[in-house]
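In terms of mature numbering (1 follows the signal peptide of the UniProt record, and there is no 0), the sequence shown is residues -34 to -1, 1 to 314.
The C-beta atom is built at its ideal place from N, Cα and C for all residues, glycine as well.
This one's a predicted model, so the numbers in the text were calculated from it and none came from an experiment.
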Amino acid sequence: MSRLSPGTAPRSRRLRAALAVLTTAVAMCGVVLAATSTPSSAATCNGYVGLTFDDGPTGNTSALLNVLRNNGVRATMFNVGQNVQNNRSAAQAQVAAGMWVANHSWNHAHMTSMSQSQMQSDLSQTSSAIQSATGVRPQLFRPPYGETNSTLQSVASSLGMRQVIWDVDSQDWNGASVGQIVSNASRLQAGQVILMHDGIQNTRDAIPQIVANLTSRNLCPGMISPSTGRAVAPDGSTPPPSTGTPPPSTGTPPPGNGSCTATATTPNVWGDRYNTSVTVSGASTWTVVVAITAPQRVSTIWNGNATWDSSGTVMTMRSNGSGNTFGFTTMTNGNSSARPQIRSCTAG
């Protein structure tokens, strides 16, 4: 039987201890590397978009939050006050997961048919319920169905909230497939906002592909600025300028010689009416001329000052300090196929 020379055992114990420390350090380093190599942290953000989810919280909010967290996404949750009151823990979970919470009315009614005092009561009650449950006072408001008017906007503003509609409709509420939701989301451009909904399985399934598409275009999910209603960095800062080639415009010619770009989308279509959202780029103050087809008529506008020609079919919309997206509701009056046409966009 062999024997250890004097001092060998202590040295051996010290060596084993040193190796154990080194092994632990390597393991810890591996954990750190794994944690800092997520796609979201590696992404280059040349612009931000606002991912929004309406009508929560629901019984599926937890599942939605899991998908958002797994994909490194923060989003804005436009909550219904009645749902918050009935499911306070889910609203709390939204904030704990890093989401922004906002006001989507008390029970999703057609608010433009309300009196001013009814609007005031509805929105105030909703904001109080959200603040009571989460500790956060909403700074953003989205009207149910995208239906709004100047009175409702004024009420929301008096309660410290900016109205936010959307630029892109995912159509998840309309039975869109996962592929259709992903395709619709691929139209998002920097600063824009997309409408999605809490509680829809296809929407949850689409999120990884939506995020992958955004990453491929150097766009990242961000917050919606209460000042402008546009998507900005999660810390509220303005996104850096893009060095890439801008996408082709489907609206008016690009900025130059006093012009700007106005691009129209139709995010909501109902049986008797539809909403149009127009996004202006290239100027902070602008005048956009839009033509509609008779017998259609515009019933409601938001985020701009409008005048009409004598025919009532050509609208001139001017910026009013509410940002670079305006919108309007058009009654079809029997002509459901026609859509508004952008005629011009002038800066200043």
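Original post:
Which value, in whole angstroms, describes the spacing of the CA atoms of Ser302 and Gly112?
Top reply: About 18 Å.
**OP:** Measuring alpha carbon to alpha carbon, tell me which of Trp66, Asp88, Ser288, Ala63 ends up nearest Ala75.
**Re:** Minimum Cα distance to Ala75 is reached at Asp88.
**OP:** Below 7 Å CB to CB, which residues in the same chain sit around Arg305 once its five sequence neighbours on both sides are set aside?
**Re:** The residues are Thr232.
Subject >> With 16 other Cβ atoms within 10 Å as the buried cut-off, status of Trp268 >> reply: So Trp268 ends up on the buried side.
Subject >> Thr296 to Gln105 span [Cα, whole Å] >> reply: When rounded, the distance between both Cα atoms is 28 Å.
**OP:** Would you mind sorting Gly145 into buried or exposed? The rule is 16 or more other CB atoms within 10 Å of its CB.
**Re:** Counting the other Cβ atoms within 10 Å of the Cβ of Gly145 gives fewer than 16, which makes it exposed.
**OP:** Classify Thr100 as buried or exposed, calling it buried when 16 or more other Cβ atoms lie within 10 Å of its own Cβ.
**Re:** When all chains shown are included, Thr100 counts as buried.
**OP:** Sort out for me which residues DSSP pairs Thr282 with in a bridge.
**Re:** Partner residues in the beta bridge of Thr282, as assigned by DSSP, are Val255, Thr273.
Original post:
Span of the beta strand (DSSP E) holding Arg170?
Top reply: Not the beta strand (DSSP E): Arg170 falls in the alpha helix (DSSP H), residues 167 to 182.
Subject >> Straight-line gap, Tyr14 to Asp135 (C-alpha atoms, nearest Å) >> reply: In this structure, the alpha-carbon of Tyr14 lies about 17 Å from that of Asp135.
Subject >> Alpha-carbon to alpha-carbon, Ser79 and Asn115 >> reply: Distance between Asn115 and Ser79, taken at the CA atoms: about 10 Å.
**OP:** Could you please give the first and the last residue of the uninterrupted alpha helix (DSSP H) stretch that includes Ala57?
**Re:** Element bounds for Ala57: 54 to 62.
**OP:** Would you mind giving the Cβ-Cβ distance between Pro192 and Arg128, rounded to the nearest angstrom? I have them listed as a contact below 8 Å.
**Re:** In this structure, Pro192 and Arg128 form a Cβ contact; the two beta carbons are roughly 5 Å apart against a cut-off of 8 Å.
**OP:** Examine the Cβ distances between the segment 65 to 73 and the segment 257 to 267 and report whether three or more of them are shorter than 8 Å.
**Re:** Result no; under three Cβ-Cβ pairs closer than 8 Å.
**OP:** Check Gln307 in the structure and name its three-state DSSP category.
**Re:** Correct three-state label for Gln307: strand.
Original post:
For Gly16, which option in Cys226, Ala156, Arg35 has the closest C-alpha, if you only look at C-alpha atoms?
Top reply: When each option's Cα is compared against that of Gly16, the closest is Ala156.
Original post:
Under 9 Å between the Cβ atoms of Asn184 and Ser247?
Top reply: In this structure, Ser247 does not lie closer than 9 Å to Asn184 by Cβ.
Original post:
Can you tell me whether Asn52 is buried or exposed, with buried defined as 16 or more other CB within 10 angstroms of its CB?
Top reply: With a threshold of 16 other beta carbon atoms within 10 Å, Asn52 falls short and is exposed.
**OP:** Provide the residue(s) that pair with Cys186 in DSSP beta bridges, ordered along the chain.
**Re:** Looking at the DSSP output, Cys186 bridges to Tyr14.
Original post:
Which same chain residues, not among the five before or five after Ile147, have their C-beta less than 8 Å away from its C-beta?
Top reply: The residues are Ser136, Gln137, Asp138, Met162, Asn168, Thr169, Ala172, Ile176.
Subject >> Rounded straight-line distance, which links the Cα of Met65 to that of Leu180 >> reply: When only Cα atoms are considered, Leu180 and Met65 end up about 19 Å apart.
**OP:** State the DSSP-derived secondary structure class of Gln129, mapped to helix, strand or coil.
**Re:** If DSSP states are grouped into helix, strand and coil, Gln129 belongs with the strands.
Original post:
In this structure, does DSSP put Ser136 in helix, strand or coil?
Top reply: Look at Ser136 here: in three-state DSSP terms it is coil, with no helix or strand label.
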